[in-house]
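The next block holds one structure in the form of structure tokens; read it before the comments.
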Amino acid sequence: MKIKSNTVILILLLFLFLSTSSLLNLQTNRDNNIQESILSNLNTSATYTTSIVIDDMPGSLNNWTWAKDQGICTGSGTASSPYRIRNHFFNTSSINTNCLTISNSIKYFRIEDCTFNGSPSWAAIHLYNTTNGYITRNSNIGYTGAFVWLIYSNDNRIIGNNASLCSVYAILLEATSTENIISENIVSFNLDAGIYIDSDSDTNLIEDNIIHLNPYGIFFDSSSSSNIVRGNSISNSTIYGVVLDGSTSSNKFYSNCFIGNANHVLDDGGSTWDEDGKENYWDDYLGSDTDGDGIGDVPYDISGSSGSQDSYPLMSCPKKGTSGEEGIPGYDITILFSSVLSITIITTYIALKKKNFNF
Numbered sequence: 000m001k002i003k004s005n006t007v008i009l010i011l012l013l014f015l016f017l018s019t020s021s022l023l024n025l026q027t028n029r030d031n032n033i034q035e036s037i038l039s040n041l042n043t044s045a046t047y048t049t050s051i052v053i054d055d056m057p058g059s060l061n062n063w064t065w066a067k068d069q070g071i072c073t074g075s076g077t078a079s080s081p082y083r084i085r086n087h088f089f090n091t092s093s094i095n096t097n098c099l100t101i102s103n104s105i106k107y108f109r110i111e112d113c114t115f116n117g118s119p120s121w122a123a124i125h126l127y128n129t130t131n132g133y134i135t136r137n138s139n140i141g142y143t144g145a146f147v148w149l150i151y152s153n154d155n156r157i158i159g160n161n162a163s164l165c166s167v168y169a170i171l172l173e174a175t176s177t178e179n180i181i182s183e184n185i186v187s188f189n190l191d192a193g194i195y196i197d198s199d200s201d202t203n204l205i206e207d208n209i210i211h212l213n214p215y216g217i218f219f220d221s222s223s224s225s226n227i228v229r230g231n232s233i234s235n236s237t238i239y240g241v242v243l244d245g246s247t248s249s250n251k252f253y254s255n256c257f258i259g260n261a262n263h264v265l266d267d268g269g270s271t272w273d274e275d276g277k278e279n280y281w282d283d284y285l286g287s288d289t290d291g292d293g294i295g296d297v298p299y300d301i302s303g304s305s306g307s308q309d310s311y312p313l314m315s316c317p318k319k320g321t322s323g324e325e326g327i328p329g330y331d332i333t334i335l336f337s338s339v340l341s342i343t344i345i346t347t348y349i350a351l352k353k354k355n356f357n358f
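The numbers in numbering that gives the first Met the number 0 rise by one with no breaks, and the one at position 275 of the sequence shown is 274.
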């Protein structure tokens, strides 16, 4: 019996939709399900097809007061009543600029429950010289260049977002962006690095993220030091799970799970891979555990010129899946298949478009 090509395509599209929905449902512990957020935003939120720029520099005409008058945000900019940019759909994929830029701001603000479809050469959310931001429960649904891009921005929180399907990076910190927290995000199917830390961006915390099927899971470059990376699931990176440039140093990694990466780590800078008995799990560790304490008897050697080791490698992944079993949270073969299919489609699209990225 012959199956028509159109039928095959429909089946593949249906499978991709269903498996992608499975990925979105990984954040079952969050207040709002990301998939529900996407649907509700597309149906009910205000839609912006031009770039929104909020510049709180004294004398600026498009400051927070202007944004509130325009209906872009609510609130008053204090810790107890932050400006809220909520339930908007930013659809700027056809123009070469960021979807939403906030610059020169020290006011408290939240960007939440928004959906972004931006240009492949630009960012969904761009913070420049900005502090006190809280970015949560947002989703990228297009081929946006980067989901969140920070420059000279400190003390911001990027928590619980779907930072996936970006044509360059999901989250980019550069130019001395410090003391930021990147936590509980899904960082998957991006075409370069999931998280890129660059240009003296120090003392940031990267924790409890699902970083899955990117060429590089996390990339540290240009003297970015003293960052803490803990409790992340870093899986199926097609080149490296983590890369540390030779100019980096003193970054700390513990309680992470490295599973199915083409290469787990390249450490040319010299970082710490165990912290007070809180070590990492490596799925290619070949050592034994003769005393049954859950820690390998011999160190795990980490590739790179620094000669780093994880002195006390874990014998099992400390992260819990949705079934309660140890492993990558929510990880299954459906997600793996959809990951391969998705990244293949996106790679082909970008190659055809031949865009020049601005990062």
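Beta carbons are placed, not taken as given, at the ideal position from N, Cα and C, and that holds for glycine. Note that the coordinates shown come from a computational prediction; the quantities given were computed from them, not determined experimentally.
With contacts defined as CB atoms closer than 8 Å, Asn184 and Asn160 qualify as a contacting pair. Linking Asp201 to Ile233 through their CA atoms gives a straight-line distance of about 21 Å.
Gly132 is bridged by DSSP to Phe108. Scanning its chain for C-beta atoms nearer than 6 Å, with the 5 sequence neighbours on each side dropped, one finds around Thr237 the residues Pro214 and Ala261, in chain order. DSSP places Thr64 within a helical segment (H, G or I) once states are collapsed to three. Across the structure, Thr91 and Asp282 are spaced so that their CA atoms are roughly 41 Å apart.
Taking C-beta atoms as the reference points, Arg85 and Asp112 count as a pair closer than 8 Å. If you look at Ile194, you'll find it in the beta strand (DSSP E) that goes Ala192 to Ile196. The criterion of a C-beta distance shorter than 8 Å is not satisfied by Leu171 and Phe188. The C-alpha of Val297 is placed about 17 Å away from the C-alpha of Asp275. Gly141 counts as buried, since at least 16 other C-beta atoms from the protein chains shown sit within 10 angstroms of its C-beta. The three-state reading of DSSP puts Phe219 in strand, counting E and B together. The residue from Ser75, Ser287, Ile227 and Ser305 with its alpha-carbon nearest to that of Pro312 is Ser287. A straight-line Cα-Cα distance of about 45 Å links Phe146 and Thr289.
A distance of 8 Å or more separates the beta carbons of Asn231 and Asn250. Relative to the Cα of Arg83, the nearest Cα in the group Thr175, Ile134 and Ser305 belongs to Ile134. Burial is judged here by how many other beta carbons sit within 10 angstroms of a residue's own beta carbon; Ser75 has fewer than 16 and is exposed.
The shortest C-alpha to C-alpha distance from Ser254 to any of Ser310, Val167 and Ile51 is the one to Ser310. Looking at the DSSP output, Gln308 sits in a beta bridge with Asp300.
Per DSSP, reduced to three states, the secondary structure at Gly240 is strand. A straight line joining the alpha-carbon of Ile301 with that of Asp273 spans about 12 Å. Taking C-beta atoms under 8 Å as the contact rule, Ile196 and Ser223 qualify, at a distance of about 4 Å.
Listed as beta-bridge partners of Glu173 by DSSP are Ile150. Rounded to whole angstroms, Thr130 and Asp220 show a C-alpha spacing of 22 Å.
If you check the CB distance, Ser176 and Asn153 come in under 8 Å. Each of Phe252, Ala162, Asn116 and Ile124 was checked against the Cα of Asn203, and the nearest Cα belongs to Phe252. In the DSSP assignment, Trp281 is bridged to Phe257.
According to the DSSP assignment, Leu265 belongs to the beta strand (DSSP E) that extends over Val264 to Asp266. Nearest Cα to Gly144 within the set Gly269, Ala169 and Val186: Ala169. In the structure shown, the three-state DSSP call for Glu178 is coil. Membership of Thr46 in the beta strand (DSSP E) is indicated by the continuous run Ala45 to Tyr47.
If you draw a 10 Å sphere on the C-beta of Asp55, you find 16 or more other C-beta atoms in it, and that means buried. Annotation: Ser315 to Tyr151 spans about 38 Å, alpha carbon to alpha carbon. Burial is judged here by how many other beta carbons sit within 10 angstroms of a residue's own beta carbon; Ile110 has at least 16 and is buried. Residue burial is scored here from C-beta neighbours: Ala192 has at least 16 other C-beta atoms within 10 angstroms and is therefore classed as buried. Straight-line spacing of the CA atoms in Leu126 and Leu285 works out to 44 Å.
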